[in-house]
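Comments concern the structure below.
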Amino acid sequence: MTPEPLPDTLPDIGGPAQPLVTCRDLRKHFPVKGGILGRQVATVHAVDGVSFEVRKGETLGIVGESGCGKSTTARLLIGLIPPDQGEIIFDGRQLGEELSLRELRRGIQMVFQDSYASLNPRLTVEDSIAFGPRINGLDRPVERARDMMARVGLEPARFAGRYPHEMSGGQRQRVNIARALAMSPRLVVLDEAVSALDKSVEAQVLNLLNELRRDLGLTYVFISHDLNVVRYISDRVLVMYLGEVVEIGPVDEVYAAQAHPYTASLFAAMPSMDPDRRTLVPPLSGDPPNPIDPPAGCRFHTRCRYGEPICATTKPVLRSFGESRAHCAACHIHDPASGHSLSGKDFMPQGLPR
Amino acid sequence: MTALLELDRLNVTFHGEQTIHAINDLSLRLEQGEMLVLLGESGSGKSVTLKTLLRLLPPARSRVQGGITVNGADILALSGRKLQEYRGGEVSMVFQEPALALDPVYRIGDQIAEAVRRKKGVSRAEARATALDMLRRVRIPSPERRMSNFPHELSGGMRQRAMIALALACRPRLLLADEPTTALDATVQIQILLLLRELQKEFGMGVIFVTHDIGVAVEISDRIAVMYAGQIIEEGSTHEIIRDPRHPYTQGLLAANLHDAAPGERLEAIPGVPPALDAKPVACSFSPRCPHAQPGCRADLPPVVSLGPRRHVSCLLAQQDIAAQ
Numbered sequence: 074m075t076p077e078p079l080p081d082t083l084p085d086i087g088g089p090a091q092p093l094v095t096c097r098d099l100r101k102h103f104p105v106k107g108g109i110l111g112r113q114v115a116t117v118h119a120v121d122g123v124s125f126e127v128r129k130g131e132t133l134g135i136v137g138e139s140g141c142g143k144s145t146t147a148r149l150l151i152g153l154i155p156p157d158q159g160e161i162i163f164d165g166r167q168l169g170e171e172l173s174l175r176e177l178r179r180g181i182q183m184v185f186q187d188s189y190a191s192l193n194p195r196l197t198v199e200d201s202i203a204f205g206p207r208i209n210g211l212d213r214p215v216e217r218a219r220d221m222m223a224r225v226g227l228e229p230a231r232f233a234g235r236y237p238h239e240m241s242g243g244q245r246q247r248v249n250i251a252r253a254l255a256m257s258p259r260l261v262v263l264d265e266a267v268s269a270l271d272k273s274v275e276a277q278v279l280n281l282l283n284e285l286r287r288d289l290g291l292t293y294v295f296i297s298h299d300l301n302v303v304r305y306i307s308d309r310v311l312v313m314y315l316g317e318v319v320e321i322g323p324v325d326e327v328y329a330a331q332a333h334p335y336t337a338s339l340f341a342a343m344p345s346m347d348p349d350r351r352t353l354v355p356p357l358s359g360d361p362p363n364p365i366d367p368p369a370g371c372r373f374h375t376r377c378r379y380g381e382p383i384c385a386t387t388k389p390v391l392r393s394f395g396e397s398r399a400h401c402a403a404c405h406i407h408d409p410a411s412g413h414s415l416s417g418k419d420f421m422p423q424g425l426p427r
Numbered sequence: 150m151t152a153l154l155e156l157d158r159l160n161v162t163f164h165g166e167q168t169i170h171a172i173n174d175l176s177l178r179l180e181q182g183e184m185l186v187l188l189g190e191s192g193s194g195k196s197v198t199l200k201t202l203l204r205l206l207p208p209a210r211s212r213v214q215g216g217i218t219v220n221g222a223d224i225l226a227l228s229g230r231k232l233q234e235y236r237g238g239e240v241s242m243v244f245q246e247p248a249l250a251l252d253p254v255y256r257i258g259d260q261i262a263e264a265v266r267r268k269k270g271v272s273r274a275e276a277r278a279t280a281l282d283m284l285r286r287v288r289i290p291s292p293e294r295r296m297s298n299f300p301h302e303l304s305g306g307m308r309q310r311a312m313i314a315l316a317l318a319c320r321p322r323l324l325l326a327d328e329p330t331t332a333l334d335a336t337v338q339i340q341i342l343l344l345l346r347e348l349q350k351e352f353g354m355g356v357i358f359v360t361h362d363i364g365v366a367v368e369i370s371d372r373i374a375v376m377y378a379g380q381i382i383e384e385g386s387t388h389e390i391i392r393d394p395r396h397p398y399t400q401g402l403l404a405a406n407l408h409d410a411a412p413g414e415r416l417e418a419i420p421g422v423p424p425a426l427d428a429k430p431v432a433c434s435f436s437p438r439c440p441h442a443q444p445g446c447r448a449d450l451p452p453v454v455s456l457g458p459r460r461h462v463s464c465l466l467a468q469q470d471i472a473a474q
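Chains as they are written, first to last, in my numbering: chain A, 74 to 427; chain B, 150 to 474.
As structure tokens, this is what we get:
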């Protein structure tokens, strides 16, 4: 079945080969103010030089621990906060130059983790969904809202007049998805959109997201800390650590063999689901460092079991390695010229200590 | 040997604008030194069970019926000083959010030492020595320095370690852990799970660990009890529950874990949502969502079928299976 986009979807300008979104060297630092004069005392390096592409029709999963900059990246992507530096290019047009923020928001919509906090408690479901189309001058906002409700599995006759507090978490998250779709976006950013749901309800919402993507030809950026969910829904996965991209690649390749020591540890920390093969040693000790004062060189070198002097001084760049062009990692092990003792040997890091 | 904990047909209801039947006829037995996971989704009554055990529910708004015995002592009969000694002495608890459970204006070392002094009646110096020893046992780096830190000066993982040190400082026989790793990052979660497993062996205590995450349950438990709508619907060893789940709800939960779902394939999601608990169940609570429901499931409470020693499932289908053999 060929996907049939929603009415009023922005036209495809660059063709299928052009990435839907390109981010170049995005940077966002937040000031920390303190003292009685409220002077800036420190800086949170939330996102520090992040570049990636989202291809048309794919789902890009973004994983990482709290404070790694996943959500800040999402907020930069839809223009909720302006970047300090860097470019966002949507279908060939650069935000702020050829593309206005208003147009970008027609093209990109977002679903947040907290289904209750992200809906206006004083608007009925129908009004919430119709609000965006109405202020953007799309025709027939109410019919559009009802159509979207039917698409996400909420019977319009039953739910249109309800308020958010009258619905369950799963139903509210469906409303949020319908509200995002009502703007006929081409890209939907899902920031931990299923994390707050119970497992049985989560599966229902994941099924819905898959159907919508297939039927409407949507592109997703799916942010989650749950590696099982990301493997299930994504085509490619991007791993972040302390505001930087450490690894990116096709889901099967990354899940089969992780190229960055951090990714390997993150995967090894996943519960095993097999009572006979429990984890015996923790893959990493301690908590992630504070993004206020990230370590110099490779930001992971303080916790890395393959760390060498070079890692503390020189920041590794994200590069493809071996045969694979699509699988990239930012680690000196994969740079033959780095001088790391394991480099140039096709060595793949292990998550657990041997 | 007496069981460490016995719950006998426990019922908990909350009274306010409406009545909520949070726990319905729950029976459970925990042997000494066992690690039991209560597995269930939000609203299934896991946390209420733990709070009932510590008698933490507001007496004016809740009614508890049934029997709770810990080491043979009737817990519902405790009051005043006896109840104070029981809480934190015999039975202790680790909460989900250590930032909220620890007192923000007292130093970590002082908080632990205070608990030890009150329960054990030892001198100030001895209590501080115990506190330091506990911080060392939960593997907090440079414990001497951490003794004088405030909770906000510690990272999330460190705070949870301090919380565990506080809970174990008086050597409880039974530790209640309410989703202690849910708020933590993946690489920190596994550290805390391994630590709890080790400390449980070392101290020989019984643990009831509440979680909604099957992966966590598999990592840590000896036994699993699956809860739904305030009841235990299936109980058995970790192997039995994971390898051979009998209740349709347990089967659905395992399928929804996505652990071995092929990318993009349609998931076998359990339809619908858990029931509102405004009335005491008179039929199987899961029957409205159950793919195998029969008229009998909606007419009567399901039978508790015993499949082996300490292996139970509350399901009409399981009874029919046995009858058919």
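Glycine included, each C-beta is placed from N, C-alpha and C at the ideal position.
Keep in mind the model is a prediction, meaning the values are calculated, not measured.
Within the region 217-277 of chain A, complete beta strand (DSSP E) segments of at least 3 residues are found at 260-264, given in chain order. For A266 of chain A, the closest C-alpha among the options A:F185, A:A329, A:D288 is that of A:F185.
In this chain, the beta strand (DSSP E) harbouring E384 of chain B covers 380-386. The three-state reading of DSSP puts G445 of chain B in helix, counting H, G and I together. As the crow flies, the alpha-carbon of A467 of chain B is around 17 Å from that of R438 of chain B.
In the three-state reduction of the DSSP assignment, G194 of chain B falls in the coil class, being assigned neither a helical nor a strand state.
At a cut-off of 8 Å between beta carbons, Q340 of chain B contacts chain A. In the three-state reduction of the DSSP assignment, H405 of chain A falls in the helix class, which pools H, G and I.
Neighbours of G130 of chain A in chain B, taken as residues at a C-beta separation under 8 Å, are lacking, since the least C-beta distance is about 13 Å. Contact annotation, P367 of chain A with H102 of chain A: C-beta distance approximately 11 Å; criterion of less than 8 Å not satisfied.
The beta carbon of D334 of chain B sits closer than 8 Å to some beta carbon of chain A. B:L177 is the residue among B:E263, B:F163, B:G165, B:L177 whose C-alpha sits nearest the C-alpha of R459 of chain B. For E317 of chain A, no Cβ of chain B is located within less than 8 Å of the residue's own Cβ. Approximately 5 Å separates the beta-carbon atoms of S241 of chain A and V422 of chain B; this is inside 8 Å, confirming the contact. Boundaries for Y189 of chain A: no beta strand (DSSP E) harbours it, and the DSSP string shows neither H nor E there. Boundaries of the beta strand (DSSP E) harbouring Q182 of chain A: 181-184, taken from the DSSP string. When beta bridges are read from the DSSP output, H118 of chain A appears opposite A:H102.
Note on geometry: alpha-carbon atoms of P323 of chain A and R273 of chain B lie some 59 Å from one another. Listed along chain A, the residues sitting closer than 7 Å to A418 of chain B by beta-carbon distance are S273, A276, Q277, N280. Around A262 of chain B, no beta-carbon contact reaches into chain A at under 9 Å, the shortest distance being about 25 Å. Across the structure, A209 of chain B and L281 of chain B are spaced so that their CA atoms are roughly 39 Å apart. P292 of chain B and L284 of chain B have their C-alpha atoms roughly 6 Å apart.
E317 of chain A sits close to R372 of chain A, with the two beta carbons spaced by under 8 Å. Under the three-pair Cβ rule at 8 Å, the region 369-383 of chain B does not count as touching the region 242-249 of chain A. With its beta carbon less than 8 Å from one in chain A, S304 of chain B belongs to the interface.
Among the CB atoms of chain A, one or more fall inside 8 Å of the CB of M307 of chain B. Per the coordinates, the alpha-carbon of T75 of chain A lies some 8 Å from the alpha-carbon of D288 of chain A. The contact set of R351 of chain A on chain B, defined by CB atoms closer than 7 Å, consists of E368 in chain order.
Excluding the 5 residues flanking it on each side, H461 of chain B has same chain C-beta neighbours closer than 6 Å at E384, V453, S455, in chain order. DSSP, reduced to helix, strand and coil, places N220 of chain B outside both helices and strands of the structure shown, so it counts as coil. Within the region 227-256 of chain A, those residues whose Cβ lies closer than 7 Å to any Cβ of chain B are, in chain order, S241, G243. Sequence-distant Cβ neighbours of D220 of chain A in its own chain, meaning closer than 7 Å and more than five residues away, do not exist here.
In this model, T399 of chain B and Q469 of chain B are separated by some 18 Å (Cα to Cα).
When the beta-carbon positions are compared, A250 of chain B and M296 of chain B stay at least 8 Å from each other. Scanning its chain for C-beta atoms nearer than 7 Å, with the 5 sequence neighbours on each side dropped, one finds around I383 of chain A the residues H405, S411, G412, H413, in chain order. The beta-bridge partner set that DSSP reports for E417 of chain B is empty.
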